[in-house]
Every structure is written in structure tokens, then in C-alpha cells.
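Novice:
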Amino acid sequence: MNSLPNAIVQYILSHMNNARDVATCSCVSKLWKDSMPYIRSLYFPRNSFEDNNNGEDPDIIVGRMISSIVWLEELVVYCPFSSAGLASWLSSMSHSLRHLELRMDNLTEKQARLEGPSKMDCIDSARALESLRLWGVLMTEPPKWSEFQNLYTLSICGARLKDKAISAAITACPNLIHLSLLGCDGLRSVTIDLQHLKECRLDFYGMGNCFLALSCPKLQMLDVQGCSWIRATQTNNLTNLSISNSAGRVYRVDFGKLGALESLSIKGVQWCWDAITTILQCASEVKHLFMKVEFMGDFDTLLPFPEVDLVDFFNSHPKLQTFEMHGAMFAALCQKNSLKRVDSRFSIPYLEEVIITVRSPLNAEQKISTLESLVKHGNNLKRMVIKILQMKNCHSSADDFFEEPYILRLALSAGIGGFLFGYDTGVISGALLFIRDDFPSVDRQTILQETIVSMAIAGAIVGAALGGLTNDKFGRKYSILIADIVFFAGALIMAFAWDPWFIILGRIFVGLGVGIASMTTPLYISEVSPARIRGALVSTNGLLLTGGQFLSYLVNLAFTKVPGTWRWMLGAAAVPALVQFVLILLLPESPRWLYAKDKKVEAVKILRKIYPAEEVDGEVEALRLSIEAERTDKSSIGEGNIFSEVRNAWSNVIVRRGLVIGIGCQVAQQFVGINTVMYYSPTIVQLAGYASNKTALALSLITSGLNAVGTILLIFLVDRFGRRRLLIVSTIGIVASLVMLFVVFDQASIHSPAVGQVESYHFGQNATCSSYLTAKDASSWNCMNCMRDSSECGFCAHGVSKGKPGACLASNPSTKNACHGENREWYSRGCPSNFGVIALVGLASYIIAYSPGMGTVPWIINSEIYPLRYRGLCGGMAAMANWVSNLIVSQTFLTLTHALGSSYTFLLFGFFAFIALIFIYFFVPETRGLPFEEVEKMLNVGFKPWPLKKASLVELQPKLKDEKIPVGSLEQNS
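Taking our numbering, the leading residue of the sequence shown gets 4, the next gets one more, and so forth.
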């Protein structure tokens, strides 16, 4: 290029708008300065200043380049910039600039307040603009714009907007010809009144309930996504119309006559039938029709399409040339009476192409008849395409679960953390019976028994908090490894403990490991799981948890006759911890965490093993967008210690709503009393009247086995019926079961055997319980009085019939042996009862109700409900709330049974379960099958159940007649 004339070189350089392209030219060093004034366009990509080693402010660099240009017509800036820099650039070239494109970087409201003049306000100085494109906009307040008389194209992509703000922006551009609002969130009601507008593309995020009003007489093309009510009064020039709503329902469309319409596309999950018929009637002259609407119906009712008469349909659309329809519309044309008016005179004159997508084999004969009619009466039909989609059955998620061996291996290996949790929960219930026998101080002090049980939970609280930090810093894989090491150490400490306080120390270590694993394992599994089977795979953690509980009871039974019983029971937990440690070393890290840490190649490699080849690119793109959003909003969390991070998380409305849901579900899971059943199951069986340790352990297997069965059932139900429905049904069953247990234990208490004076003195006055001897009402005492009055008393049942009066004796080894020496049953927990079998039935029904819903679903919800950037922190907070609730319940259960009695303790849990039911109904949304990004959008809009949601929509119908009231505002006000 050095041999070229300078004028030619300058001409070439003036047409290069990318600084990197210019830098590749060998002649730049001597001609760049001379060429700069002639450049008409400048483009600064995202990474323009990543290698800015001299530390000079990018705003100054860009400003210096712009100031050297005589007549700059186009400026594209994707790299970060400040509002002050933008104001300076635009003021220096406002006379010449025609095209402006800016990436605004999704400013948070906090940042926007600190900016001074906002970037949006700065644009006002560029009055000569003809085209304006903005990416990543936050526009909650109207921009301070005068009129842009020459602006013909306005495009806003990936924005958070408010109605009044976008209305003001559109009003300031009266001569727009092309308008695009794509990927915009936060809008409820949009009015567009532009007399020159010809093309309009609108894509609104959210719940699909936006109202749109258009008054654009020259409009030729309209593409709308995410609106429930659309009103367009001047549509004579409209040739292309597309309406879709993938998130909500289309309730109403008001259009004038669409006489010029050539192409119509209507798509969505559900449309009201009136809206479908209205748009089809208006579009009677349409030539190309695309219909993909799955259901009709009003409000929450999903209904199939009604019968559509084939003759009426095509006579109403005589110019139709291309017709593409999916399952629902084709099924409507294939009903019993759809062809009754077809005869030899019927003709479809202009139809050239038909594309049909069939999703169901039902009514096959009628469908064939409809296809034959189209072929026979389509005079100009040239092409017919029939697409047959495989319609998955109701068990598809469960089938997919077993057809993904790699993912299943990841889930099962990580799920051993759930197994450790379950084993620890179950093993202590049996070990406690024998620890009481080895340590008299434990047997005498209820508080010491509760401490041994609950210190693991106290450790888990700290572990859950640490888990949130280690997850974000070291990753999911290494957090699980840390949990295994700590759990292994705790198991060994308990196995070799020579004092109750060393058992407590070991329980704290075990709790730390369980706490870290409890919030890491579901998170890891959810992040390596495709959305379609995420619920089933996360449920494997719950399945292994209940499997661990069941195995712990078998281990307890196996060691009942072995010396050192409880030591073997507790020490055996070290084995699965060691197994998981080895397996996790061989597993990959979470692809989401890797991508967030800029290890993109590793993340993509893992995604290729998880997803089918055709889905990988889409998943990588979704992951990229999610991570970019996280980095953009990182400042909203704030820098600093854990307290500032927690405070900023609660100040974010989306995260706050997620935390209310997640923490509420975790607290509810514990306060319905499940871990009192699992930690004290043998004790509860003894309270029901079964005195033997071995019998109590054997009968406890029933509850543990039913828990495992219920969790297996959950895998098949969670992605079919959804999280919310399972929680509601589960909680209703829990309330009913706890009320039943209250009645049973209350009646057992009333009808417990009396304490006989002769029977008590039979063993000698020194052997009789001292409280009984000194009681003024000793003649009215029964077994429950003997148990409740003092922890140092036991009941020796009658030798012939357990229902007859027995003896209230001092609880010590000699009296216990004396009782057994006369072939009597010794009771230190509970009393002889005829209600024991009914109590076991109530206990079993409680477990059956709990395990398929409340048992695992709260963990699934917590793995799905938080934005990625907050997931580790919020997951830790929710897990901590679970463990704090667990600690409160387990630390007070034996005390409550002593103070209130077994019956009223269960009634108290029943009351808590009823409160949980109300909370779930009004606050917990459905997250089944939703990508994480869609869950964020749902939280941003807010969740309203029936009757609140129903009421707002019922109010809508009569108000629809008053066209001044938009749908969005009605739902917002409700």
C-alpha cells in the first residue's frame, strides 16, 4: 500500500470503521492522522480497551478520536462508557451525527441515581439523528428529550422499562417509520400514536399480560409478542401481522378491517376463542396463514378448540394460498361434523400449500378424511406437508430420567450427600436408645438426649452458612469434598467417644458436613440437569436421603446384639462419606460455575455430555446471557462482607420474593414435625406402647421404608404434577395425619392402665417411685402420671394383662431387672395401650403424605427459585433457615412431650402444618420445567393465586367493554 497515492489510501481508511482493521494496514503509521478527518463511521466493540495498559480513561480516548473527525455520521459504542463521556461526544458532533448505537450495560437503579445526567438524557443533544439503537437500557423515568424531528428508526433491545418512560420516549419521536422494542421487561400498558410508522416489532417479557393500543394509519408490518389485549383502530394498510404470547393468554384483539393483509401469524399456548374468531374474521382477505395455538379457554381453563366447519372456514378466507396449522386447529377441522357440508360444489380456489403438524394419533380416521377433502377440493394445491411430532406420554420425565446414564451418574454420585444426611438422621434415633443404657446421665436428663440429637443440627446451621460461601468461591465439587472430609472425621469421633460430650463433639462435626452438603448437592444436581428432568434428578438426592434413613434402621437392627452397639451404628457413617469422596474426585465441576469463572471451554465440554448436540448451542447462549446479566448486576449486590451482601440481596425485589418462598418452604418443612419423627421414631413407637428397644427399632423400619417409597414416587410425579400441587396435597395430608395422631395419643393417655398400690408395694417400698409415695392423689394415678411426673420413674406392667393396674417404680437397673424377672414389660417411655396399631397407622399416613411432597420439593424449589448471581448466597440462607428450624423442633420435642403430653405436641405440629398450607397456597408459584431466566421474570412480576388472580380476571370481563381500561393496569391494581 506504500506505493498507492495518498488520496486512495485516505479514501480506503475513511471507509474503515473498526480501529482494529485500520491497525492492520502497514501505511497507518504515516497516514492515520491525515485520514482521521475523513472517517464517517466509528465502531468501538465490547473489548476495545481491555488491553489499555497506559491506564488512560477510555472516555478520553474516544473523545479525542471523535474531535479529530470533521463530519462523523455514525457512532457505535459497545464498550463501557460514562454519561459524562457520552455528553461530551454528542455535543461535539451533534450537527453531523445521523446514526447512533449504544450498549447501555443494564444499569441498576442505584447506579442510575449516582450518574447525574443520565445517559438517556444525554442523547437529547444529538438532534440530527435519523437512527437510534440502544441495548441494555434501564428507563424507569421519562427521558428528558425534545423532539427528534429527523429520527425515523428507534430500536431498544434488552431493556427494563416503565410505561410512562417509554410513552415519553415515543412521543419525542413523532416521525418514526421503524420502531422495535425487543426483549423489554416491566411494561403493563403501551400506547403508540405515530402517524408515519410503517414497521413495528414489539417483544415484551413478563407474564404476557401487557395491553397494547396502536393508532398508526400507515402501519404495514406489526409483530407483537407478550400482549394479552391488542387494539389497533387504523389497519387499512397492514399487510403483515404476527401475534404471539408464549407466557400468558391472549384475551382480546380489536382490529379494524384488515383488507390489505397478506400474511397472518397467531401463536401462543392459549387464546380465548373470541380473540381467535375476531382476528380470523378481520383477516378474511389473508393469503398466508400460520396458526400455532395450543389451547383455547378463558382464564385458568385450558380447553381444546371447538368444531370448525371446513366449508365455512375456507369460504370465509377465499384468497388463502398458504395455510400452516399445528395440532389444535387441525384437530378442530377434523371433528365429527366438520365435513358435513362438503359436497361436489365445494372448492378451495387459490390454496397452493398446506403444512400440517400432527401431535396426536387420536381420531385418525377423521383426520384422513379431512386431508382427502383438502386434496380433492384444493384446485391449485401443489404441496402438502404433514409433520408428525412424537407426543411424549405422561411419564416422559421419568423415562428421560433413566435414559440419561451420564447425568444419572452425576446425580447419584453427588446424591450420596443426601444419603449421609439421611443416615445421620435415622441412625441417631436408634443409637440414642443404647446410649441411654450406657450412660445413666443421658437416660435421666431429657435435655442431654435432645442435645446429642440437636448438636448435629447446630453444626449443620454453621455448615449451611459456610456452604454458601464455599460454593461461590471454590465451586460445587470442592464444597462436596470438604463436606465428606468433615463428616468422616465426625463419624470417627463418635465411634471412639468415651463420654457423652465427645459424642456431642462428633455430632457437631457430622452436622458441619451435612450442612455443607445439604445446600450444595441439590444445587450441583440442578446445574448439571436438563430442565425437562431437573425435578426428577434433584429428587434423587431426596431418594438417597430416605434410602440412608432406611439403611440406618437396618444397621441399627443389625448391631443390637453386638458389643458396642451404638459405636458401630454411628461409626459406620464414615464408609459412605469415603465412597463419595472418591466418586466426586472423578466428576466434573458445575458448568454454570465454570462459565461464571470464565472457564468457558471446560463448561462447554461438560454441556456437550449433558445435552443433545442440537441443544448445546442454545444452552451455551442461554448460559452466556445469564452470566452477562450476573456480571452487569454484580454491583447491585455490593462489595464488602457477608452482611452487606445479605442486605443487598434482601433489597432486590426478585431475590427478596425468592427468599420469602425458599426460606418459607424450608421452615415449613421442619415445623410440620418430620425430623421429630425421624430423630425420635423409636421413641415415638415406645410412646405408642411398644416398650422393647428391638421392637421399637423394627417398627420404625415401617416409617423409614414408607419414606423411601414416597420419595421414589416423587421422581415420577414432580415433573408431571408440578412442585406447587405436590406441596399443597402433601401438606393437607400432613394436617389430617397429625390430627389423627393427636386423637390416638389423647385417647391412649386417657385409657392408660392405673397404678396399683398393691402392685407398686409388691416390689418393696424402696423400689417404689418416690413421687408416687408422696403424691396426695396417688390413688388416681395412671401410667401417664407415673411417666410425666418424674424422669426417675418407670412403669412395670401387670404380669397377666397389660391393661390391668401396674406398678410405678423407681427407674434404675435393679427395679428394671426385677420387673423383667417376673416376665413383665418395663416402660420408661410410653404406656401399655390398645391404640398402638392405630398410632402406627397414623404415623405411616403422616410419612406417606410427607415424603412425596414436603420431603423433597422445598429443596427442588430452592435450587430453581434464585437468580444465578445470588444462588449460592440465598441457598445458604435457606439451608440455614432449615437447620435453625430443625434445631428448634428437635431440641424441644422431648421437652414438649413431657410438658404437654404426646397428643398435644402432635396437635401443635398440626397447627404449624395448617399455617404452612396457607403460606404455600398464597406465596409459592409453580416452577416446573421453567428455565432459570423465566423463573426470574415470574418473580419480578409477582405471584397471585386464586382467588386473587381469578378476581382480577373476572373483573376484567365487564370492564373490557370500557376500552379506556387496559388489561395490564387491571391486573396490576388487583
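Ideal Cβ placement from N, Cα and C applies to all residues, glycine included.
Any idea which residues DSSP pairs Gln-273 with across the strands?
Specialist: Note: Gln-273 sits in a beta bridge opposite Arg-252, Phe-298.
Novice: Can you name the start and end residues of the alpha helix (DSSP H) that Cys-668 belongs to?
Specialist: Taken as a continuous stretch (DSSP letters only), the alpha helix (DSSP H) holding Cys-668 covers 656–674.
Novice: For Trp-653, which residues of its own chain have a beta-carbon under 8 Å away from its beta-carbon, when the five flanking residues on both sides are left out?
Specialist: Result list for Trp-653: Arg-659, Leu-662, in chain order.
Novice: For Val-289, which residues in the same chain have their Cβ closer than 8 Å to its Cβ, ignoring the five residues on either side in sequence?
Specialist: Excluding sequence neighbours, Val-289 sits near Leu-261, Leu-264, Glu-265, Ser-266, Leu-267, His-320, Lys-322, Leu-323.
Novice: If we call anything under 8 Å between Cβ atoms a contact, is Tyr-81 one with Arg-43?
Specialist: Not in contact: Tyr-81 and Arg-43 (Cβ atoms no closer than 8 Å).
Novice: Would Ala-505 pass as a contact of Ile-511 if the rule is Cβ separation under 8 Å?
Specialist: Per the sequence shown, residue 505 should be read as Phe rather than Ala. Taking 8 Å as the Cβ cut-off, Phe-505 and Ile-511 do not qualify as a contacting pair.
Novice: What is the C-beta distance between Ala-842 and Val-747, in whole angstroms, given that I count them as a contact (C-beta under 8 Å)?
Specialist: With a Cβ gap of about 5 Å, Ala-842 and Val-747 count as contacting.
Novice: By the 10 Å Cβ neighbour count, where 16 or more other Cβ atoms means buried, how is Lys-805 classified, buried or exposed?
Specialist: When all chains shown are included, Lys-805 counts as buried.
Novice: Among the residues of its own chain, which have a CB less than 8 Å from the CB of Phe-766, if the five just before and after it don't count?
Specialist: For Phe-766, where only same-chain residues beyond five positions count, the Cβ hits under 8 Å are Cys-799, Ala-810, Leu-812, Thr-818, Ala-821, Cys-822.
Novice: Expressed to the nearest angstrom, what Euclidean distance is found between the alpha-carbon atoms of Leu-94 and Ile-63?
Specialist: Rather than Leu, the amino acid found at residue 94 in this sequence is Ser. Approximately 14 Å, taken between the alpha carbons.
Novice: Within 8 Å, do at least three Cβ pairs link the region 153–160 to the region 171–184?
Specialist: They touch, by the three-pair rule.
Novice: Going along the chain, which unbroken runs of the alpha helix (DSSP H) with 4 or more residues stay wholly within the region 424–463?
Specialist: The region 424–463 contains these whole alpha helix (DSSP H) runs: 443–447.
Novice: Alpha carbon to alpha carbon, what distance is there between Ser-71 and Pro-40?
Specialist: Spanning the two alpha carbons is a distance of roughly 6 Å.
Novice: Checking 8 Å against the spacing of the C-beta atoms, do Ala-168 and Trp-148 come in under that value?
Specialist: No.
Novice: Output yes or no for whether 8 Å exceeds the beta carbon distance between Leu-423 and Gly-567.
Specialist: Not in contact: Leu-423 and Gly-567 (Cβ atoms no closer than 8 Å).
Novice: Going by the CB atoms, is the gap between Pro-756 and Pro-808 shorter than 8 Å?
Specialist: Going by C-beta atoms, Pro-808 is nearer than 8 Å to Pro-756.
Novice: Can you name the start and end residues of the alpha helix (DSSP H) that Ile-391 belongs to?
Specialist: No alpha helix (DSSP H) contains Ile-391, which is instead part of the beta strand (DSSP E) from 386–391.
Novice: Leaving aside the five residues before and after Cys-3 along the sequence, list all residues of the same chain whose C-beta is less than 6 Å from its C-beta, in chain order.
Specialist: The displayed coordinates of the chain run from 4 to 977. Any statement about residue 3 would go beyond what the structure contains.
Novice: So, with DSSP's three-state summary, where would you put Glu-648?
Specialist: If DSSP states are grouped into helix, strand and coil, Glu-648 belongs with the helices.
Novice: Taking the alpha-carbon positions, what's the Val-65 to Ala-671 distance?
Specialist: Each residue's alpha carbon lies about 56 Å from the other.
Novice: Could you tell me the boundaries of the beta strand (DSSP E) in which Ser-350 lies?
Specialist: Run containing Ser-350: none; DSSP gives neither H nor E here.
Novice: Check for me: the alpha helix (DSSP H) holding Ile-496 runs from which residue to which?
Specialist: First-last of the alpha helix (DSSP H) with Ile-496: 479–498.
Novice: To the nearest angstrom, how far is it from the Cα of Leu-336 to the Cα of Glu-310?
Specialist: About 6 Å.
Novice: Could you please give the first and the last residue of the uninterrupted alpha helix (DSSP H) stretch that includes Trp-569?
Specialist: Taken as a continuous stretch (DSSP letters only), the alpha helix (DSSP H) holding Trp-569 covers 568–574.
Novice: Answer with buried or exposed for Leu-105, where buried requires no fewer than 16 other C-beta atoms within 10 angstroms of its C-beta.
Specialist: Leu-105 should be labelled buried.
Novice: Can at least three beta-carbon pairs, one atom from the region 854–865 and one from the region 721–735, be found at a separation below 8 Å?
Specialist: With a cut-off of 8 Å, the region 721–735 and the region 854–865 count as touching, because enough Cβ pairs lie within range.
Novice: Tell whether a beta-carbon distance below 8 Å holds between Ile-391 and Gly-470.
Specialist: Their beta carbons are not under 8 Å apart, which means Ile-391 does not touch Gly-470 by this criterion.
Novice: Under the rule that 16 or more other beta-carbon atoms within 10 Å means buried, what is Ala-881, buried or exposed?
Specialist: Flag for Ala-881 reads buried.
Novice: Mapping the DSSP letters down to three states, classify Tyr-208 as helix, strand or coil.
Specialist: Correct three-state label for Tyr-208: coil.
Novice: How many angstroms separate the CA atom of Lys-608 from the CA atom of Leu-626?
Specialist: Looking at the two C-alpha atoms, the distance is approximately 14 Å.
Novice: Can you give the Cα-Cα distance for Gly-802 and Leu-776, rounded to whole angstroms?
Specialist: Spanning the two alpha carbons is a distance of roughly 22 Å.
Novice: Using only the alpha-carbon positions, how far apart do Ser-905 and Phe-915 sit?
Specialist: Using only the alpha carbons, I get a separation of about 16 Å.
Novice: Quick check on this structure: which residue in Ser-372, Lys-370, Lys-385 has the alpha carbon closest to the alpha carbon of Pro-352?
Specialist: Pro-352 has its Cα closest to that of Lys-385, out of Ser-372, Lys-370, Lys-385.
Novice: Considering only residues of the same chain and omitting the five flanking positions on each side of Trp-862, which have a CB-CB separation below 6 Å?
Specialist: Contacts found: Pro-525.
Novice: Suppose the cutoff is 6 Å on Cβ atoms and the five residues either side in sequence are ignored; what does the same chain contact list for Tyr-849 look like?
Specialist: So the qualifying residues of the chain are Ser-740.
Novice: Any idea if Pro-969 is buried or exposed, counting beta-carbon neighbours within 10 angstroms, 16 or more meaning buried?
Specialist: Below a pLDDT of 50, predicted positions are generally treated as unreliable, and Pro-969, at 37, falls in that range; the measurement from the model is reported next regardless. So Pro-969 counts as buried.
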